[in-house]
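Notes for the one structure printed next.
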Amino acid sequence: MSMSEESMSEQTMRAVTIEEFGGPEVLTPGRVARPEPLPTEVLVRVHAAGINPVDWKTRAGQGMAGLQRMPLILGWDVSGTVEEVGFGVTTLAPGDEVYAMPWFPRPAGGYAEFVTAPSRQFARKPASIGHVEAAALPLAALTAWQALVDTAGVTSGQRVLVHAAAGGVGHLAVQFAKNLGAEVIATAREPRHAWLRELGADETIDYTRQRFEEATGEVDVVIDLVGPQDDTDARSVAATRRGGLVISVPSGVSQNLADAAARAGVRTSPLLVEPDATALTAIAGLVDSGAVRVEVERTFPLEEAAEAHRQGETNRTRGKLVLTTTD
Ligand SMILES: NC(=O)c1ccc[n+]([C@@H]2O[C@H](COP(=O)([O-])OP(=O)(O)OC[C@H]3O[C@@H](n4cnc5c(N)ncnc54)[C@H](OP(=O)(O)O)[C@@H]3O)[C@@H](O)[C@H]2O)c1
């Protein structure tokens, strides 16, 4: 590397940028300016960046598109090493291994070699897993946690139905619910059932072969990760006891769901995940104790983000997809 190339690579970084909303082809690998940490922020060298449906929804002009600015670097899930700390940061130092879902729903720029964000949005990475697995956790795990713990307040002995249990949020929700002492009923295609039972599902339902609401019995809480597709949200009401709760995660409470719930005396809630480093620390504890496992179906080099989006958009991913910045 020549002197000028070296100084250039210090000021710039690899990143995947989009200039306009559109299909996967708008994801363009290249170099951009490397961010600098403001007071109270840390600069983190990203080893791996998790991919979530909100990434491809936003890329297509939906999801959080209205809150973004072009050119945009997508990606909210990161795991990496603290490179530099801004003035005033006392709890992290260069070399610390951290993971986070910084800034959501504002842009975080996770599909890049570096991100900056307030230090307290980061938690220590679970020590027992690598950066790839850690990067798969934040958004999905915080969503499951905020639904089960913060919103539903699930307690031991309750019956919890998790839709799309084989996906990123779902497979973590199954394990968190089990850990809270709940009886867990999971919907997924049949080939995923044995794995979901290993993760703690007590009952598994193939939603393509039977109407789930005829097979679940009465549940206290539904974690709906499917939404209005096939009326999954409104049909969940029929599976829920009077006074029970349906949390519809993908796109809020539809009119159909609201009407069915009102008729049946069932409560409903939307949910939008929020950064929470305290919860990430608790989640790291569950991972390190062996109570929770994270499933990464496939990794892609950063520059192949478009291919990763194409795979994600098939809606068949088991667990998570993750981008890596190093070989
Ligand atoms: N509001 C929020 O803050 C928030 C946060 C996170 C996620 N979300 C939303 O929640 C949804 C799930 O997110 P995710 O990351 O878990 O997605 P994901 O990992 O892409 O989900 C893929 C899984 O969904 C399953 N699936 C697809 N259709 C299904 C159906 N009709 N019934 C049961 N399972 C079905 C598939 O399993 P099979 O092959 O077994 O069908 C697949 O394993 C997305 O719409 C996402 O945008 C919202």
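The number in our numbering is simply the position in the sequence shown, starting from 1, with 22 added.
Don't be surprised by glycine CBs; every beta carbon is placed ideally from N, CA and C.
In the DSSP assignment, what residue or residues form a beta bridge with G52? On the sequence shown, position 30 is the one that residue 52 refers to. DSSP, once it has assigned bridges, lists A37 as partnering G52.
Run of the beta strand (DSSP E) containing G192, from where it starts to where it stops: Here residue 192 corresponds to residue number 170 of the sequence shown, with the count starting at 1. Here G192 belongs to no beta strand (DSSP E); instead the alpha helix (DSSP H) covers G190 to N201.
Using beta-carbon positions only, say whether P160 and G72 come within less than 8 Å of one another. Position 138 of the sequence shown holds residue 160. Position 50 of the sequence shown holds residue 72. Contact flag set, yes.
G132 and V100 - do their beta-carbons sit closer together than 8 Å? For the purposes of this step, residue 100 is identified with residue 78 of the sequence shown, where counting begins at 1. For the purposes of this step, residue 132 is identified with residue 110 of the sequence shown, where counting begins at 1. Yes; because the gap between Cβ atoms is below 8 Å, this pair is in contact.
In this structure, what does DSSP give as the bridge partners for Y229? Within the sequence shown, the letter at position 207 stands for residue 229. Note: Y229 sits in no beta bridge, so no partner.
Give me the residue from G203, G88 and T39 with the minimum Cα distance to A327. Counted from its first residue, the sequence shown places residue 327 at position 305. Comparing Cα positions, the closest option is T39.
Cβ-heavy atom distance, P75 to ligand 1, below 7 Å: Position 53 of the sequence shown, counted from the first residue, corresponds to residue 75. Result yes, Cβ under 7 Å from ligand 1.
Element boundaries [beta strand (DSSP E), containing T336]: Locating residue 336 in the sequence shown gives position 314, where the first residue counts as 1. Where T336 is concerned, there is no enclosing beta strand (DSSP E), given that its DSSP letter is neither H nor E.
Here's the rule I'm using: 16 or more other beta-carbon atoms within 10 Å means buried, otherwise exposed. How should R181 be labelled? Start at 1 with the first residue of the sequence shown, and residue 181 comes out as number 159. The residue in question, R181, is buried, as its Cβ has 16 or more Cβ neighbours within 10 Å.
Please look up how many angstroms separate the CB atoms of A158 and V344, rounded, as I've assumed it's under 8 Å. For the purposes of this step, residue 158 is taken as the residue at position 136 of the sequence shown. For the purposes of this step, residue 344 is taken as the residue at position 322 of the sequence shown. At roughly 5 Å, the Cβ-Cβ gap stays under 8 Å, so A158 and V344 are in contact.
Specify the secondary structure class of D118 as computed by DSSP and reduced to three states. Walking along the sequence shown from the start, residue 118 turns up at place 96. The answer is coil: DSSP assigns D118 none of H, G, I, E or B.
Determine the direct distance from the alpha carbon of M123 to that of A186, and round the result to whole angstroms. Counting from 1 along the sequence shown, the entry for residue 186 is found at position 164. Counting from 1 along the sequence shown, the entry for residue 123 is found at position 101. C-alpha separation (whole angstroms): 22 Å.
Within its chain, find whatever has a CB closer than 7 Å to the CB of R142; leave out the 5 residues flanking it on each side and keep chain order. Along the sequence shown, one-based indexing puts residue 142 at 120. Answer for R142: A299, listed in chain order.
Cβ pair count under 8 Å reaching 3, the stretch 220-234 against the stretch 290-297: Touching, no, given that fewer than three Cβ pairs across the two stretches are closer than 8 Å.
Classify A37: buried if its beta carbon has 16 or more other beta carbons within 10 angstroms, exposed otherwise. If you number the sequence shown from 1, residue 37 lands on position 15. Buried, because 16 or more other Cβ atoms sit within 10 Å of the Cβ of A37.
If you drop the 5 nearest sequence neighbours on each side, which residues of the same chain put their C-beta closer than 7 Å to that of S24? Sequence index remark: in the sequence shown, residue 24 carries index 2 (1-based). The pLDDT assigned to S24 is 48, lower than 50, so where the model puts this residue is not dependable, and the model offers no usable value.
In angstroms, rounded to a whole number, what distance separates the CA positions of P46 and R332? The count along the sequence shown starts at 1 and reaches residue 46 at position 24. The count along the sequence shown starts at 1 and reaches residue 332 at position 310. Each residue's alpha carbon lies about 7 Å from the other.
Can you list, in chain order, the stretches of the beta strand (DSSP E) that have 3 or more residues and sit fully within the stretch 215-277? 225-227, 241-246 and 262-270
So, helix, strand or coil for I207, using DSSP? The residue labelled residue 207 in the question sits at position 185 within the sequence shown. Three-state DSSP puts I207 in a strand.
So E319 is in the beta strand (DSSP E); what residue range does that whole segment cover? Position 297 of the sequence shown, counted from the first residue, corresponds to residue 319. E319 -> beta strand (DSSP E) spans V318 to P323.
Nearest by alpha-carbon distance to E58: which of F136, D246, P93 and G102 is it? Walking along the sequence shown from the start, residue 58 turns up at place 36. Selected option, being the one with the closest Cα: F136.
Any heavy atom of ligand 1 within a distance shorter than 7 Å of the CB on Y229? Residue numbering aside, residue 229 sits at position 207 when the sequence shown is read from its first letter. Yes, the Cβ of Y229 comes within 7 Å of a heavy atom of ligand 1.
Start-to-end residues for the alpha helix (DSSP H) that takes in K342: As a position in the sequence shown, residue 342 is number 320, starting the count at 1. K342 -> not in any alpha helix (DSSP H); beta strand (DSSP E) instead, spanning K342 to T346.
Quick check on DSSP: helix, strand or coil for T177? Here residue 177 is taken as the residue at index 155 of the sequence shown, counted from 1. T177: coil per DSSP, three-state reduction.
Just list the beta strand (DSSP E) runs in the stretch 128-186, keeping only unbroken ones of 3 residues or longer that don't cross its boundaries, in chain order. 136-140, 144-146 and 181-184
Could you compute how far the alpha carbon of R315 sits from the alpha carbon of R214? Your numbering for residue 315 matches position 293 in the sequence shown. Your numbering for residue 214 matches position 192 in the sequence shown. When rounded, the distance between both Cα atoms is 15 Å.
Apart from the five residues on each side of it in sequence, which residues of its chain come closer than 6 Å, Cβ to Cβ, to G192? By one-based count along the sequence shown, residue 192 stands at place 170. The answer, listed in chain order, is V184, A186 and L247.
With 16 other CB atoms within 10 Å as the buried threshold, where does A130 fall? Here the question's residue 130 lines up with position 108 in the sequence shown. Classification for A130: buried.
So what's R67 in DSSP terms, helix, strand or just coil? Locating residue 67 in the sequence shown gives position 45, where the first residue counts as 1. It is a strand residue.
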